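Read through the structure below, which is laid out as structure tokens, and then see the notes.
Residue numbers (my numbering): 4 to 150.
Structure below.
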């Protein structure tokens, strides 16, 4: 069953942060793979218009370390429909899920970057690749400049 539900994020909170580095200081792993995951663990209707959403964000540095952030989001909208679908089907409407997971990632990823710096793990985001070397030859110019 697909529901079209309007909702808005009212409140975002981080309640737990756990970060661990498994590698020893000075060890330089060659290939670092970081897997990101956000998951909703529970949705509870607070009243007709608000629901409480518990979440977990994980940045897993395969074999090197892990950063876990847990918290709570208060959403406004058709709380009873969202909570009911969660309790019966263990899922949410796609629009609600997209909004919630986007908010989790946009708030937790910058925090995970700072935590990674503190425990000396690489940032859990793709770093831009710098390539220094011979650039391709420029095409011959016609002498006309266009602004």
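Yeah, the Cβ is synthetic: ideal placement off N, Cα and C, and Gly gets one too. Remember, it's a predicted structure, so these values are computed and weren't measured experimentally.
Margin query: Considering Cα atoms alone, identify which of 83, 94, 62, 88 is closest to residue 48.
Written below: Considering only alpha carbons, the answer is 83.
Next item on the list: To the nearest angstrom, report how far apart residue 87 and residue 128 are at their CA atoms.
Entry: Spanning the alpha carbons of residue 87 and residue 128 requires a straight line of approximately 35 Å.
Notebook entry, point to check: Within this structure, are the beta carbons of residue 10 and residue 68 separated by less than 8 Å?
Noted result: Result no, Cβ atoms of residue 10 and residue 68 do not sit closer than 8 Å.
Checklist line | Spatially closest choice to residue 55 from 12, 22, 27, by CA coordinates | finding: Comparing alpha-carbon positions, the option among 12, 22, 27 lying closest to residue 55 turns out to be 12.
Notebook entry, point to check: Does the Cβ-Cβ distance between residue 65 and residue 125 come in under 8 Å?
Noted result: No. Outside cutoff.
Item checked: Own chain partners of residue 61 with C-beta closer than 6 Å, once the 5 adjacent residues on each side are dropped -> Result list for residue 61: 40, 71, in chain order.
Check: With a cut-off of 8 Å, do at least 3 Cβ pairs link the region 92 to 101 to the region 19 to 38?
Finding: Contact fails: fewer than three Cβ-Cβ distances are below 8 Å.
Margin query: According to DSSP, simplified to helix, strand and coil, what is residue 83?
Written below: Helix, per DSSP.
Checklist line | Backbone CA spacing between residue 42 and residue 108 [nearest angstrom] | finding: Cα to Cα, the separation comes out at about 10 Å.
Next item on the list: Whole angstroms is fine: what's the gap from residue 85's alpha carbon to residue 112's?
Entry: Residue 85 and residue 112: Cα-Cα distance of roughly 26 Å.
Notebook entry, point to check: Considering only residues of the same chain and omitting the five flanking positions on each side of residue 63, which have a CB-CB separation below 6 Å?
Noted result: When the five nearest sequence neighbours on each side are left out, the beta carbons in the same chain lying within less than 6 Å of the beta carbon of residue 63 are those of 38, 69, in order along the chain.
Notebook entry, point to check: Span of the beta strand (DSSP E) holding residue 23?
Noted result: Taken as a continuous stretch (DSSP letters only), the beta strand (DSSP E) holding residue 23 covers 10 to 24.
Next item on the list: Report, in whole angstroms, the separation of the C-beta atoms of residue 106 and residue 76, which I expect to be a contact under 8 Å.
Entry: Cβ-Cβ separation between residue 106 and residue 76: approximately 6 Å, consistent with a contact (criterion under 8 Å).
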